[in-house]
Amino acid sequence: MQVSIIISLCNGLACLQTCLKSLASTLPSGLAHEIILVDDGSTDGTREFLQGLALPYVVLRQDRPLGYTASVNRAARIARGQYLALLDDSVVLQPGWLEPLLAAFAREPRAGVVGNIQVHADTLQVEHAGIEFQQGGYPVPRRESIQTMQASGAWLTVPAVATTCCLVSRDWFVRSGGFDEGYRHGFAAFDLCLRAREDGLVNLLATASVVRHGSALPGHRESHEYRDARRFLDRWQPRTLALEQERTFAEARAQAATLARRYLAPLHRRLGLGSRALRRQHRAALAAVQRARFNQTRPIRIGVDLLRMAPGGANGGIKPLLFAFLAEMGRQRGAAFNFAVFAPESLRSELAPVLRPGDYLLVPSDTALGVSRRTTAAWRPDGTMNSDANVAAQAGLDVLYTPFTVSRFHQPGLPWVSLAVDLLHRDLPSALPVEEVNFRHDCFSRMAAGASYIQCLTRHGIERLSHHYGVHPARCFHTYIPAQSRLPSAAPSVPPAPIPAGPFFFYPANFWPHKNHEALLAAYRIYATAAGSRAWPLVCTGAPDRRMELIREMTLGLGLGDRVIFPGHLDDAAFAALWSQAGALVFASLHEGFGIPLLEAMSFGVPIIAGDLPVIREVAGEAFLPVDTRNPQALAEAMRRLAIRENLRADLAARGRARLAAFSLSLEAGRLAHFLEAAARRQSP
Amino acid sequence: MKIGLDVAQTCVERAGCAWHADALSRALIAEGLPRGHTFELYHHFGDWINHDPRGGTVVEDSRVTRPLQGMAPPAARAFWAGIESGEPLPGKPDAVISFSYHAPRLPHTKLVYTVHDLAFWSHPDFSDDATRLLCQRELLQATARATGFLFVSEATRREFGQLLPNWLESTQRPHALSPGASRFPRATAPRAWSDSAPWLIVGSVEPRKNHAAALDAYEAYLAQSALRRPLVIAGGHGWKSDALHGRIAALAGRGVPVRYLGYVPERELAALYAGAFALLAPSWHEGFGLPVVEAMGFGLPVLAADRTSLPEVGGSAGRYFPPDQPELLARLMLTLEAEPASHARLAAESLARSADFSWAATAKSVLEFVERL
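If you're matching them up, the sequences are chains A and B in order. Using our numbering, read the first sequence as starting at 1109 and increasing by one per residue. Using our numbering, read the second sequence as starting at -9 and increasing by one per residue.
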């Protein structure tokens, strides 16, 4: 099916009937479509009217009003069309409204939200021709005449459009979570458009598509207007302000260049007038335009500081994440991105498959940086670099990416994008030695002060970063960790010795205090004591260290030596083999930046027990059995239930598989690439 | 025997566990010296490194050494790192009793581990993360490292059995009770109570102690009482207590006779007990409940929650209520005030009951337990 048209409504039957009539008469013939009407609690006879509708109409009824955003999200989840056409019931469609919107997607593969021109139904004055940010980053509709707009082009790139009448890809809309339901109505559209930009999409205005717009029903949105505006500005204002300034500068530049080109230069030529200073000014105006255009397109070099990364599994989930993102960004951007990775010599072999021919590796020794460049086959030495001098300038970096918060290669004027994995040192400081808390706090403070943009791993992470360090959310973005694609799916059926065949409780986690192995051991002992010989074993993987030995000692003290197995850090194949045999993930952790094992469990169809934490809710949705992981008795009870109830396991596994659709490597890595590029080109993302 | 005693907690502002460590250490020394034992006091213990150990428990006797008391934190940290990696303790004690939840690796000596309570697991909302992460680690280390276990109450031993079911039995690990006792001399007879004698709550202000229920009950009591006795709250400023302190201040501002005294030193505490009308102990969870036994020693009636160790310690001398039903506490308060006879009876029972607890008796049984190991 090509298009699902979604209309959320509440009362106002006459208005709806006009809208539907105009819709029926203007849809292109032969268009495969459905019309989803969400009745958000109508009481005026609209419900009866809707009952009389048949296909292509699909009616969703909500007895309790959920509001516009939630209604549309609900409809989008069941929609079957490739595109969603979002319509307000106050719109009266005109012939030929849909074709330009569809054509936009055919012409521009990166099209995000595509809107059109809306005129007032009575006065025929233009009410909306795209949104721009004015007066301090506030979204305001453009109201230029139809002729002016159409003269500028058939599809114009705009920062945002209203969703009164628009077209968007269903796949992207659903995957990105749809409208933020924290909005009641109005500003959700602009929030959606700005999120589309974060995913590297462009919002377009199709100037050939014009619709009429009656006045909205009183009370429809006015009562939420202030709160919605507040929410929007709290989330986005510095960024919308930057967009506004960018537009102002671009307009000024263009105007100066136009003047120079069109009037003054020919005049001077012909009459031989004008001072040298004036001519210099004209040349400068033209050069500025050229520079801006060049800056938009030239390849950028991205320094990536991995000096604090260790070989093997000691860094936990951060390493597979970064490697996957680097490889995917390389694939997506091709020659437009060139990586210069700073890393210790011990990482060279691990980095080889991640970097592409042409990318650089910079390995520090005591006094210098050894530079080598990847060829198709191997690394070719490419000289050395004085590591004390301005490395960024020597290496020609456009932007520095610092996955370990800060880097020693910062230089004034070099933009940097930082990764904040978690706020463990502020949210659960007792899980870290005090020196580590202080060290991280220092790093985070410098990051908060200096980074152009900060990458978090969840929306919750952005919230915590704002809470603890006062970083405005508009300076942050989130990328989930689509870890499900990392492990080989065709795993050997027999896990490596000494892993038992058959179901076991699985906890892959390094032996860090916040991973809470102690409570898990106590819980497991309660469970195993009650279940006797039928008890599943417990397998705890993780990089061996002193604390693993300590946990193992506890296991012996508890008399669980033969039931709890510590295979250490495994390679991907062995790890996948374990997942394929695991009966359940028991995720005892007290704090997570993301929770990679959650996704791994989902992809292997392994049901999940996990703590009821906001971050786990965000990542796992409804696909886990929530439990207070601080309490061994509660944890033991969850283990007992899961081990004996096969239908519960099947239900959780099915929810997990469905949940996986929310995570896509290309989307998440694309977002990181978008911000790296924005920082490098000094554009607003 | 040479016995090492962990008095690390006594070097900082003392709460229940620290008083336990202090009083029991003194009693053990008093009981043990005549038996020919010698003692070593550790003012840093395992990961418990004190900034300034000078204020900790001291017993002046040539047979009691204090090898770590003069040690600054860095040196103490290095010292315990050495012990952890296999060095013997300097005086080569035969046994070491841990009071502070810490279970360092002591391969050359027998570790006896005191379990105060397991609220950090059974009621996670009542302990902070730092406490929970520390206690759960050290408790499980103790299962691998300790030769014997001491439980401060039968309730704590029962809770241990729920969280580590059948562990004591299957490992046949020796264990004994080491109940607390009053730090103060027992009153000889109940005294007369003035009409203005206050209700008393002793214990740091934190969610576990359930001061909120006591305030609810007290407000209900005030509404019906003719005497309107004041309420006095003694105890350190614990975690998650801001809301409660706000409430106390608001009540006091409305002229309600409630006073928060903060942390009260030992001597002043004795005066508080001596002048109070009755003790309120509304805790959700106690390992032992030192204030109950101390109040009984002063002949105070005790109105306590019917949870964990409180009924065990108070026995028939206490009156009990569910900690989630402050209205029942209010009724108990009104009854106690309205019936002088029942007050007198409870006071007498308290005094009698308090005779069952003495540090000397606990020290004696702990010494016998250690000697048998």
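Backbone N, C-alpha and C fix where the C-beta goes; we use that ideal spot for every residue, glycine too. No experiment lies behind these values; they were computed from the predicted model shown.
ask   = If you scan the stretch 1510 to 1572 of chain A from start to end, which runs of the beta strand (DSSP E) of 3 or more residues do you find wholly inside it?
value = 1524 to 1528 and 1561 to 1564
ask   = Alpha carbon to alpha carbon, how far is GLY1327 (chain A) from LEU1232 (chain A)?
value = With a pLDDT of only 45 at GLY1327 (chain A), under the threshold of 50, the placement of this residue in the model should not be trusted, and no figure is reported.
request  = Output, in sequence order along the chain, the residues in the stretch 1554 to 1577 of chain A whose CB is closer than 8 Å to any CB in chain B.
outcome  = none
task = Tell me whether the beta-carbon of GLU358 (chain B) lies closer than 8 Å to the beta-carbon of MET(-9) (chain B).
result = no
ask   = Can you name, in chain order, every residue of its own chain whose Cβ lies under 7 Å from the Cβ of TYR211 (chain B), other than the five neighbours on each side?
value = Only ALA320, MET323 and LEU324 meet the Cβ criterion.
inquiry  = Following a CB-centred definition, is VAL246 (chain B) positioned closer than 7 Å to any heavy atom of the ligand SAH?
reply    = No copy of the ligand SAH occurs in the structure displayed, which carries no ligand at all.
key: Closer than 8 Å at the beta carbon, the chain A residues around TRP111 (chain B)   = ALA1627, ALA1630, ARG1738, ASN1739, PRO1740 and GLN1741
message = Would TYR32 (chain B) and ASP(-4) (chain B) qualify as a contact pair, given that the criterion is a beta-carbon distance under 8 Å?
response = Yes, the Cβ-Cβ distance between TYR32 (chain B) and ASP(-4) (chain B) is below 8 Å.
task = Would you kindly check if the distance between the Cβ of LEU1302 (chain A) and the Cβ of ARG1347 (chain A) is under 8 Å?
result = Cβ distance < 8 Å, so ARG1347 (chain A) and LEU1302 (chain A) count as in contact.
inquiry  = I need the boundaries of the beta strand (DSSP E) containing GLU1235 (chain A), first residue and last residue.
reply    = Boundaries of the beta strand (DSSP E) around GLU1235 (chain A): 1234 to 1236.
query = Which residues in the same chain as ASN200 (chain B) place their Cβ atom closer than 8 Å to its Cβ, once the five residues preceding and following it in sequence are excluded?
reply = Within the same chain, ASN200 (chain B) has close Cβ partners PRO272, SER273, TRP274, ALA295 and PRO313.
inquiry  = Measuring alpha carbon to alpha carbon, tell me which residue in A:GLY1153, A:SER1772, A:LEU1168 and A:ARG1655 is nearest ILE1144 (chain A).
reply    = A:LEU1168
ask   = Can you list the residues of chain A that ARG122 (chain B) reaches, using a CB-CB cut of under 7 Å?
value = ARG1738
task = Answer yes or no: do SER1480 (chain A) and PRO1472 (chain A) have a C-beta to C-beta separation smaller than 8 Å?
result = no
request  = Under 7 Å Cβ to Cβ from ILE1562 (chain A), same chain only, skipping five residues before and after it: list those, please.
outcome  = SER1526, ALA1528, MET1555, LEU1573, VAL1579, ARG1583 and CYS1584
request  = Return the Cβ separation of GLY138 (chain B) and VAL102 (chain B) in integer angstroms, given the expectation that the two are a contact with Cβ distance under 8 Å.
outcome  = 5 Å
query = Which partner residues of ALA224 (chain B) appear in the DSSP bridge assignment?
reply = For ALA224 (chain B), DSSP records a beta bridge to B:VAL192 and B:GLY252.
task = Evaluate the contact criterion for the stretch 156 to 171 of chain B versus the stretch 186 to 206 of chain B: three or more CB pairs, one atom per stretch, below 8 Å.
result = no
key: MET1656 (chain A) to VAL1542 (chain A) span [Cα, whole Å]   = So the two alpha carbons sit approximately 21 Å from each other.
request  = Examine chain A for any beta-carbon lying closer than 8 Å to the beta-carbon of ALA(-2) (chain B), and answer yes or no.
outcome  = No, ALA(-2) (chain B) does not count as interfacial toward chain A.
key: Assigned secondary structure, ILE1186 (chain A) (DSSP; H/G/I helix, E/B strand, else coil)   = helix
request  = Compare the Cα-Cα distances from GLU1745 (chain A) to each of A:ARG1406, A:GLY1189, A:GLU1207 and A:ALA1636 and report the closest residue.
outcome  = A:ALA1636
message = Assuming contact is defined by CB atoms lying nearer than 8 Å, are ASN1446 (chain A) and GLY1466 (chain A) in contact in what I supplied?
response = Taking the C-beta atoms as reference points, GLY1466 (chain A) is found nearer than 8 Å to ASN1446 (chain A).
task = Could you tell me the boundaries of the beta strand (DSSP E) in which HIS165 (chain B) lies?
result = It spans 165 to 167 - the beta strand (DSSP E) in which HIS165 (chain B) sits, taken as one unbroken run.
ask   = At a CB-CB cut-off below 8 Å, which residues of chain A make contact with THR133 (chain B)?
value = MET1662, GLY1665 and LEU1666
message = In the DSSP assignment, the alpha helix (DSSP H) including VAL1282 (chain A) goes from what residue to what residue?
response = 1278 to 1283
query = MET1417 (chain A): which of A:THR1513, A:ASP1197 and A:TYR1468 sits nearest, CA to CA?
reply = A:THR1513
request  = Give the residues of chain B in contact with GLU1539 (chain A), contact being defined as C-beta atoms less than 8 Å apart.
outcome  = The question names Glu, but residue 1539 (chain A) in the sequence shown is Ala. Here the neighbours are ASP119 and LEU123.
key: Min CB distance ILE1239 (chain A) to chain B below 8 Å   = Taking a beta-carbon distance threshold of 8 Å, ILE1239 (chain A) does not count as an interface residue toward chain B.
key: Members of the stretch 153 to 178 of chain B near chain A, C-beta cut-off 9 Å   = Listed by position along the chain: LEU153, LEU154, PRO155, ASN156, TRP157, SER160 and THR161.
key: Per-residue contacts from LEU130 (chain B) into chain A (C-beta, under 8 Å)   = By Cβ distance, chain A contributes GLU1626, LEU1629, ALA1630, MET1662, GLY1665 and LEU1666.
ask   = Pairing CB atoms from the stretch 1671 to 1687 of chain A with CB atoms from the stretch 1638 to 1653 of chain A, are three or more of them under 8 Å?
value = yes
task = Starting from CYS1301 (chain A), follow its DSSP beta bridges and name the residues at the other end.
result = In the DSSP output, where bridge partners are listed per residue, CYS1301 (chain A) has none listed.
ask   = Are LEU1195 (chain A) and ILE1254 (chain A) touching if we call contact CB-CB under 8 Å?
value = no
task = Evaluate contact between the stretch 1709 to 1719 of chain A and the stretch 1728 to 1748 of chain A, counting only Cβ atoms and requiring at least three cross-stretch pairs below 8 Å.
result = Contact holds: three or more Cβ-Cβ distances are below 8 Å.
ask   = Which residue comes first and which comes last in the alpha helix (DSSP H) that contains ALA68 (chain B)?
value = 63 to 74 is the extent of the alpha helix (DSSP H) around ALA68 (chain B).
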